[in-house]
Each structure stands twice: as C-alpha cells, then as structure tokens.
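As structure tokens, the structure follows; a few thoughts come after it.
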C-alpha cells in the first residue's frame, strides 16, 4: 500500500520439471531428458482517481523453456565409435551426441529427438473503471507480444541403419529379422545413412485488444451486463526471414 489511494503488487512464478524418458538400457546412448521450465513476473498498480473512478495497470512477462535432449549430448558422438570427424566438426550442437543406429531386429541406439525452444510473452494493460449511478463502466486496452525462439536438432546426430541384406548369401535372399542386421553392422557396412540439418527460428506476433463494458443494475434484482471488445492478432514474422515460404 503506497498511500490511501495507491496500491502496488508483484507476483513471481518459477517452476522446473525434468523427466527422464525411455532410459531403459545402455545409458547414455539411449533415452532423453525432457525439461519444462517456466519463469514469470507480474506487476500491478491501482490508483483511486476519485471516489468513483479507479485506474488499473498491469505489466507481465513470462518465459517457457521446452527442451528434449538426448542423454549422450556432449559425452559421446559419431567419432567416438570411429566414424569420420566431419560428421561432428562444424556441425550444430546436436551433432555432438551419439548417432541413431537402427539394426533390423534390435532396439535402435540413441534417439532422434533434440529440441530446444523458449517462448516469451510480454503483456501490458490499462483499464479505467467508473461508477455512474446504477452503471459500473469499464474501458481498457491490452497489448501482448509473443516471441518464440528455438531450433530442432533432431537428426543432427545422424541416422544409420543396417538391415542385414548385405550379409545374406546373395542379393535374392531376404535377411532374417534376427542376426543378419547385427552381422552387417559389425562389418561396418550400412544400408542407409542420413544427417538432417534443421534451421533455427525466431518468430514474433503482436496482439492488441480494446474493450468497453457496462454492468447496469436495472432493478434491485436484475443486473444487465453489456460489452464491446475488439481484438487483433497479427501474423507471425520471422526475424531472419526464414518463414516466408508460402506467403508474403
């Protein structure tokens, strides 16, 4: 309480959730760690202008972080098992993790997921309330700015498969589901290999709203609520022009 006519409040939010996923075997070459972290602050101010008029102002900011990181990140990578160093050197951060190796008939090693993003929401609002005889009038405006920044490292660590077809007697023989894929992998021969490079992104959209409301106490037993609100939500814009693929 700043004075008999002014009040101020501050509200903080802080949460952190971490969850290990699919870590059933061969840590750290299997499984991921999911993290949800949220931080926020709200600032509110109330001013009694006159006995019948009150001004309310709010300013808030919140950040939500979402990450799903493979457990081998920064510990093991493709070069750790003798693969060429160009698969890691100069690549994105997610390339420095154990590659996804899928052998027919066996559970794949490593996960393809590797995602990091954070969302920021900033809000400002202003409302004035006025009591006029049997009418309680309110008018206000609100602005929000949404920012999303992030990137996907899924596939940056490489995805390699050994089906076992190169370990059969001849090209007309289909490899059994168990054994031949592992035999082919041990010879260093791969059936397929790929490495994915994903672009990062930085998106922003703006929102604005204005409103006028009235609570009219028509009788001692009847109150009529009426209001008019306008909202505008702008399109996403990409800071580095990476989202202008299908429309201008």
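In this note's numbering, the protein residues as written are 2 to 249. Even for Gly, the Cβ is constructed at its ideal location relative to N, Cα and C. Keep in mind it's a predicted model, so treat the numbers as computed, not measured.
So, residue i versus residue j, is the Cβ gap smaller than 8 Å?
{"i": "residue 16", "j": "residue 34", "result": "no"}
{"i": "residue 197", "j": "residue 157", "result": "yes"}
{"i": "residue 88", "j": "residue 95", "result": "no"}
{"i": "residue 116", "j": "residue 68", "result": "yes"}
{"i": "residue 66", "j": "residue 105", "result": "no"}
{"i": "residue 159", "j": "residue 100", "result": "yes"}
{"i": "residue 42", "j": "residue 62", "result": "yes"}
{"i": "residue 135", "j": "residue 222", "result": "no"}
Just how far apart, CA to CA, sit residue i and residue j?
{"i": "residue 64", "j": "residue 40", "result": "5 Å"}
{"i": "residue 80", "j": "residue 242", "result": "34 Å"}
{"i": "residue 233", "j": "residue 5", "result": "37 Å"}
{"i": "residue 176", "j": "residue 110", "result": "20 Å"}
{"i": "residue 201", "j": "residue 230", "result": "36 Å"}
{"i": "residue 108", "j": "residue 192", "result": "16 Å"}
{"i": "residue 238", "j": "residue 145", "result": "15 Å"}
Quick one: what's got a C-beta closer than 6 Å to residue i's C-beta in the same chain, skipping five residues either side?
{"i": "residue 126", "result": "59 and 143"}
{"i": "residue 153", "result": "116 and 199"}
{"i": "residue 148", "result": "121 and 205"}
{"i": "residue 55", "result": "49 and 130"}
{"i": "residue 76", "result": "29"}
{"i": "residue 132", "result": "53"}
With 8 Å as the threshold, decide whether the Cβ of residue i is near any Cβ in chain B.
{"i": "residue 113", "result": "The structure shown contains no chain B, having only a single protein chain."}
Could you pull out every residue in the same chain whose Cβ sits closer than 8 Å to the Cβ of residue i, ignoring the five residues on either side in sequence?
{"i": "residue 1", "result": "Outside the shown range of the chain (2 to 249) lies residue 1, about which nothing can therefore be said."}
Pull the bridge partners of residue i from the DSSP assignment, please.
{"i": "residue 153", "result": "116"}
{"i": "residue 215", "result": "138 and 227"}
Which same chain residues end up closer than 7 Å to residue i when comparing Cβ atoms and leaving out the 5 residues on each side of it in sequence?
{"i": "residue 86", "result": "80"}
{"i": "residue 114", "result": "33, 69, 71 and 155"}
Inter-stretch contact at 8 Å, needing at least 3 Cβ pairs: the segment 198–214 / the segment 163–173
The segment 198–214 is not in contact with the segment 163–173.
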